[in-house]
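Read through the structure below, which is laid out as structure tokens, and then see the notes.
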Amino acid sequence: MDNQSPPTSDFTSEDPWRILRIQGEIGEGFDALSKIGPAAAIFGSARFTASNIFYQATVSIAEQLVSAGVAVISGGGPGIMEAANNGRSGNH
191 MDNQSPPTSD
201 FTSEDPWRIL
211 RIQGEIGEGF
221 DALSKIGPAA
231 AIFGSARFTA
241 SNIFYQATVS
251 IAEQLVSAGV
261 AVISGGGPGI
271 MEAANNGRSG
281 NH
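Per my numbering: the sequence shown = residues 191 to 282.
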């Protein structure tokens, strides 16, 4: 068996401006995000139904977040994500 590692390159010597470009990109990302209001992402099991206690709790949490001015984002699927959508829209 050959236990040699594949050759790697030292990116710090290949492109001396790389770190500064990365720093600039991070700064641009923070600037873009600073213009967006508060948001909470809710993801969870797709198997919970409306009769489940966790589904009901998620609806309540999403309602409270929206009331506090927080945008609710979900994966859009069934179960907990559906509960988040129903809570944020008052559709339950």
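Glycine is no exception: its CB is placed at the ideal position from the N, C-alpha and C atoms.
Contact holds between the region 225–240 and the region 266–281, because three or more Cβ pairs, one in each stretch, are under 8 Å apart. DSSP lists A231 as the beta-bridge partner residues of I263. Straight-line measurement puts the Cα of G217 at about 39 Å from the Cα of Q246. With a threshold of 16 other beta carbon atoms within 10 Å, L210 falls short and is exposed. A231 sits away from I251, with the two beta carbons spaced by 9 Å or more. In the three-state DSSP reduction, F244 falls in the helix class (H, G or I). Rounded to the nearest whole angstrom, the CA to CA distance from Q213 to I243 is 45 Å.
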